[in-house]
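Chains as they are written, first to last, in this note's numbering: chain A, 3 to 205; chain B, 995 to 1322; chain C, 262 to 461; chain D, 159 to 826; chain E, 3 to 106. We put the CB at the ideal spot given by N, CA and C, even for glycine. Structure, as structure tokens:
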Amino acid sequence: MRKQLYNVGAILKGLSITFKFMFAKRPTIEYPSIKKQHAPRFHGLHELRRYADGKERCIGCELCSSACPANAITVIGAENSPENRKSPGERHAARYEIDELRCIFCGMCEEACPTDAIVLTPRFEMSDYRRGALIYSKDRLLVPPEAGVGTAPDERPNGIPADLGRVAEVKSTVDVDEGYNATNRGQVLKVQRKGLAILKRDD
Amino acid sequence: MPDWIIILIKSAILLLVVVTTFAYSMLAERKVLGWMQLRPGPNRVGPWGLMQPAADAAKLILKEDLTPRTADPLIYRLAPFISLLTAFSVYAIIPFGASSAGTWAIGNVNAGILFLLAITSIGVYGITLGGWASGSKYPLLGSVRATAQMISYELGMSLSFIGVLILAGTTSLDGIVNAQAKWWFVVPQFIGFIVYIITAVAETNRVPFDLVEAETELVAGFHTEYSGLRFGLFFIAEYVNMLTVSCIASLLFLGGWNAPFGLDNLHVPGVIWFIIKVGFFMFFYMWLRATLPRFRYDRLMAFGWKFLLPLATLNLVVTAIIVAYMGH
Amino acid sequence: MAAFWILGITLIGSAIWCITNTKPVYSVVALLLNFAALAAMYLTLNAEFLAVIQMIVYSGAILILFLFVIALLSSGVTPFSVGPNKLPRIGIPAVVVLLIALGFLTYAVNRVTANAFANTSPTSPVGPVGTAGVFGSVADFGKALFTTYLLPFEITALVLMVAVIGVILLAGDQAPYVASQKQAEEVRREMREAILRGGE
Amino acid sequence: MPVHHVMGNEGNYPYLLALWLLPLAGAIVNWAFGPQLKSAAGALGSAAIGVAFVATVLMWGAATQSVPSTGGVNLVGAHQTLFSWLPGFDFGLLMDPLSLLWALIITGVGFLIHVYSIGYMDGDNAFARFFAYMNFFVFAMLTLVLSDNFVGLLIGWGLVGLASYFLIGFWFFKPSAVAAARKAFVLNVVGDVGIMFAIFMIFASVHSTGFGDAFAFAGSYNTGWLFAICLTLFIGAAAKSAQIPLQTWLPDAMEGPTPVSALIHAATMVTAGVYLIARCAPLWSQNQDAQMLVGVIGALTALLGAILGCAQWDIKRILAYSTMSQIGYMIMGVGVGAYEGGVAHFFTHAFFKAQLFLGSGIIIHALNNEQDVRRMGGLIKTMPFAFVAMLTGVIAISGIPYLGSGFFSKDLVIQGALQHGHPWLYAIALITAGITAYYMCRMLFVTFLGQYRGNVDPSDLGIRHPELAGTSAHAAEHDEVHAHAPAWLMNVPVGILIVPTVLIGWLMFGGENSPWAHFFAQQFPHPALPAAPISETLTAVIAFALVIVGIAIAWARYGVAPAQQNAVERLRQESVRMPAVLTNAFYFDYAIDWLFVRTSQLLGTLFGRFLDPQVIDGAVRETAFSAQWLGTLVRSFQTGLLRTYAFLLVIGATCFMVYYAVAMGAAK
Amino acid sequence: MSPMAVPIADYVGLSAVIFFIGVAGVIVRRNPLIMLMSIELMFNAANLLFIAFSRAWLHNAGHIFAFLVITVAAAEAAIGLAIVVTVFRTSRHVDVDDIALMKG
């Protein structure tokens, strides 16, 4: 008898817990439209930066490639010609490809780069329907000229790239500025992720 | 207009109302479950997800309707309709409110509550036949479980009704509601109410008594093999049954369309009170589903036969004795 | 009138379907239809309580038990019947005999109806006092059942109880308690001695 | 339908329902939750009875009310209709002075005995079960006395038999207890059957089982029919109240725990027969023959019990025979028509016999279940309280004038016998009074005077079955350490009982003008009687003289100093030389054995050895051979196929149908 | 109460037809479950008569007895099915032609 009553009590307790939860604050982030804010040094998709004058930082030294534990980076360097200087130095990267399926996002390339050309951004939305689309080549890694020069991780305000859309305020330690809504840069990336650029390259 | 046209119109309206209610109660369930699990629930289709039911319906209708090779074709196709038919036909006698012109019901049957029992006792055929006709083992197990469970719990349910019948002195549903003008029967029949709530959950195969469609053990129980619209019919039947037992609970124990706590002078239409009460029970079902784990099968049967049935019988005997000595 | 014929044809049709099906489950469905039609016919005969009871008890309990047993036993795997039919040619003679019986019965009934049931339309219903005009209702039925027909009712209750015990014995766990023979013998002997000593 | 006669004023009496159902509730709770309740079971069981007693007292006013009814007859007491089962059987509760008296004893004395049992049964491993049975008994007994109809009475009658069976066989590991329980049950059922036949006959006459209907019809029965009713009723009464020749179960029933003996086999259940006859006084008053029969049997039982009491050594058996004898008095009283006397004797007897039993229980408990008085002696020094208790009881039962309650009631019975014109019964009753005094004092002296003989070898005392004396299985089990409950739990009820034992008889003092007579003024018929040839005072003097003689003989044999000197040798001599006719209780067991059991067996043997194999079987065998032949023929039809049988059945039915259709056609 | 629209003889005829269909089922079929169902058919035919006559004479005795018949039918079905289950347990199939222990 006592046991039965105990059971009733247990059921009532369970009901009260679920009822309380109904009015509790929900931690859900409505992801596609609102994204979670990451740590400033979050290791996401790579990007190749430029100098302020628009030149590429990468000099095609292949240090990143040799530092990569997953052998995900392929760099083929080429000489700069005076009429077409891609980078300030003698050489530039003719091809620069990262296989994001192999990449383990360890940041060794970032460490190894002598010119701070390759950095890991907090972007993480890389899913695609084809394996090939996940081999990012230079045209997708390099910051487009109209989008600025790219930001070094240490200078990145709150570690939020400008193209992530609305950000959920989930970490009270970090203040989020307004103005980080979708920008031109985000739009560009969106278009590229649809594979248009890749198709162009395959042609 | 001849009577039968009026009845036809009434039925059509009612059908529309019930189906809409089904659709939105399904949405509400997903919402409530979400909230209780700290999720927002469906909110993508339309504002606050209000178009979700339409989307679901479209999906179910457009889905391919499969019939397994081992299935018994006739009964396999018949079963969902039996479920649906019995689920809907109960609404013929449920009164939703009353005005000076009479009660709001399609038909006012004198033996209303018995009619109801009769219809619900047929409802199990849909599940049993569907499970049997699927021609595979999980549905069969599910349907055998359904049969045993529903026969067992129907006894407790009927007995919990009888306490109310003794107090009301009538078997017509509006008579019962009118008898509760002063005291809702949940007060004198509290044990009956508890028994009814438990058996009603079991009769509708809802958590924690959803052994019939236990995902973890029986894949999906009796409707494992069903897909598309036929699955949808079972689904509708389940929710409509839920709605039915909620209506009955409101009518029998919570005073139907009577205003609570002497709030008569608010002049709120009775049907509003009724909807609030039914809504409360629907919410209670969802609440239970969010809270309780499933019963073990032998515990389920032991609980039904060794606890609920004696309890309901005791309640009945005590009620009868008290009524016999105190008068109505 | 129309209802009688529609229901009557349904009744006969479903009954024939019930006994001719090879699949027992189809028979159950046919019988379900039969019971439903019968319940409807009870309604036309002002026996609403019986109609409801017919549905609850017959369809809701008895027939579902058949279905349960079919699902339990065959489940589509084991055949109900193995071996040859030992009476393969009984069908036609049985139907012939039954038709003869039916013919004579109809004849007899028609002869009797002519005089015995000629004027059977009493003007007042036989109901308990104070509930006039409620023939066939729950109140009428209940009063009669618990007053005039109390004894048959109680005997039926006894029959049901016996059936319950019988079913448990037949289909239930079969491990009756057997006390130790030796111990029983010992106690019996001691009691016999105690009786002989007269308790002194 | 005849007019429905009711006794008592109809109404709702919550106390009446409460006092009836409380013991049942106690029994159910004790039975269902015994293991959980542990030692609280005793308190709970006692409380249920205690509250029922309070309810009984609260019913006093309603039970004694008297309202003139339309028929010119006063309606006495309270009546509550419970339900109607079948036509002619309406169940209800009736509480008039007679029921009230019994209910007071059942709940009042019952309560004291329950309290006493808490102490007595302490440490028993079926403590809660005991109280469940006791409460159940009280409920059954209340059903018996509160029922307003014969069927309810019979239900109660059967249930008290069942409760008695449970309680006698309470220590079911003792084969003797089980045998005694069985014997009691079987003999009681004989009585039940008697009452059942009486109910059939009453129902056949009045088409009702209600007391009111049956008694209102009392003057209209056929004389022979009425005698048969009274006779069958008396069979029931005799079985329950241990009257000749159905008395043999009562001494054996002492196998049960002592509180059981006190409550069931002394104070209440065995007096059910007295209740029955008193209740049916309207029937008996109409039939002289029945009165004579009952009176004679009562007197004979009184005498027989008293004589057998002189020959017993087991303290509880002595009390059992004295119970038998005293109930004989009561039965004689109500039989001859002195209802108030018989009932009065029930009333006083309930107190003093409970007193005696409980007193003996204290001794038995203290001596570790020793019941043989030969192994007692000298207990006055060690147990003075028990002595006082037993002494007051003995004084009461012996009928010492004005000192104990028994004197008044016994006097009423004896004088009643004479008044109603039965001088022989009067004489037997007087002699019995003397013998009673003798054997009660004998028990008292042997138990309490002289030296303690518990350490003497059983054979030196002439105990024939030493293994049966004081060494029951129960005793053996609790031989070593027996944690005794506080003595006051047993002493207080006994102490309380001393008061009514000594004083309650004064109620009857004053003859026709006593409160007692007034209490029953409405209940019993008071026919005008001729003055008795011997006055009441003279009867008292004669009785007292006989009592003094009895006590003197007892004193001379067991009390005086020389007797105490060589008590062991004297007791041995007496035990060994006891006439066989007495040790075997007048061979009643053997007589029943010979008359019924053996004859049945003999008849069975006759049938079995001769009639059956030779005559019947001979005929059957020949039939069988022909049947076998026929069977071989018919067997060929038995295919074992169910459907064939069904088909044959249908063909048969069709033939009938054809026949009737054709016959009907022809009749047209 | 209005008199019956359908003459009582029609009910008798209908009841007889259903009854004989039930009888035929018992005789012809050898599946015990269907035999039991046929017995239910016969019970129902009897019930129909009870109720038709009850209505014709406006006396509720027919109702009572139909009710009792239903109750007894429930007991009968339970026992019958228990026997079927027991037979199935021992022989793994149920065929009335094999249950012929009473064969002469």
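Are residue i and residue j closer than 8 Å when you measure CB to CB?
i: I323 (chain C); j: A79 (chain E); result: yes
i: G564 (chain D); j: G574 (chain D); result: no
i: S89 (chain A); j: R59 (chain A); result: yes
i: G1157 (chain B); j: L1310 (chain B); result: yes
i: Y479 (chain D); j: G467 (chain D); result: yes
i: V86 (chain E); j: L35 (chain E); result: yes
i: Y171 (chain D); j: Q223 (chain D); result: no
i: S1115 (chain B); j: I317 (chain C); result: yes
i: S204 (chain D); j: I264 (chain D); result: no
i: G491 (chain D); j: H503 (chain D); result: yes
i: P255 (chain D); j: Q681 (chain D); result: yes
i: T605 (chain D); j: I473 (chain D); result: yes
i: G495 (chain D); j: Q449 (chain D); result: yes
i: A293 (chain D); j: P193 (chain D); result: For the record, residue 293 (chain D) in the displayed sequence is Asn; it is not Ala. Result no, Cβ atoms of N293 (chain D) and P193 (chain D) do not sit closer than 8 Å.
i: V286 (chain C); j: W1126 (chain B); result: yes
Tell me, to the nearest whole angstrom, how far the beta carbon of residue i is from that of residue j; I am working on the premise that it is less than 8 Å.
i: I1113 (chain B); j: T1061 (chain B); result: No, I1113 (chain B) and T1061 (chain B) are not in contact; Cβ-Cβ is about 28 Å, not under 8 Å.
i: W359 (chain D); j: I387 (chain D); result: Per the sequence presented here, residue 359 (chain D) reads as Met, with Trp not at that position. 5 Å between Cβ atoms; contact.
i: V705 (chain D); j: G592 (chain D); result: 6 Å
i: F510 (chain D); j: G551 (chain D); result: 5 Å
i: L655 (chain D); j: Q513 (chain D); result: 5 Å
Consult DSSP for residue i and reduce its assignment to one of helix, strand or coil.
i: G250 (chain D); result: strand
i: H632 (chain D); result: Note that H632 (chain D) scores a pLDDT of 43, beneath 50, so its modelled location is shaky; the value from the coordinates is reported in the next line. H632 (chain D) falls in the helix class under three-state DSSP.
i: A1006 (chain B); result: helix
i: V1234 (chain B); result: helix
i: F241 (chain D); result: strand
i: R1283 (chain B); result: helix
i: I1055 (chain B); result: helix
i: Y8 (chain A); result: helix
i: L359 (chain C); result: helix
i: Y1220 (chain B); result: coil
i: A96 (chain A); result: strand
i: G111 (chain D); result: Any question about residue 111 (chain D) goes unanswered here, given that chain D covers just 159 to 826.
i: E528 (chain D); result: coil
i: G579 (chain D); result: coil
i: G535 (chain D); result: coil
Would you mind telling me which residues of chain D sit closer than 7 Å to residue i, beta carbon to beta carbon, in chain order?
i: D99 (chain E); result: L799
Quick one: list the residues of chain A neighbouring residue i, beta-carbon separation under 7 Å, in chain order.
i: T1285 (chain B); result: G16, L17, T20
Note down, in chain order, every chain B residue with its Cβ under 7 Å from the Cβ of residue i.
i: I31 (chain A); result: Neighbours of I31 (chain A) on chain B: none; closest Cβ ~10 Å, over 7 Å.
i: A291 (chain C); result: None at all; the shortest Cβ gap to chain B is about 11 Å.
Report the neighbours of residue i on chain C: residues whose CB is nearer than 8 Å to its CB, in chain order.
i: V1118 (chain B); result: G321, I325
Against residue i, what residues of chain D qualify as contacts under a CB-to-CB distance less than 8 Å, listed in chain order?
i: V28 (chain E); result: R801, A804
Identify the contact partners of residue i in chain E, using a Cβ-Cβ distance below 7 Å as the criterion.
i: V808 (chain D); result: V25, I29
Considering only heavy atoms of the ligand GDP, does any lie closer than 7 Å to the CB of residue i?
i: P1254 (chain B); result: With respect to the ligand GDP, the structure shown offers nothing to examine, as it has no ligands at all.
Q | Uninterrupted alpha helix (DSSP H) stretches inside the stretch 274–350 of chain C (no shorter than 4 residues) | A | 285–305, 309–314, 325–334
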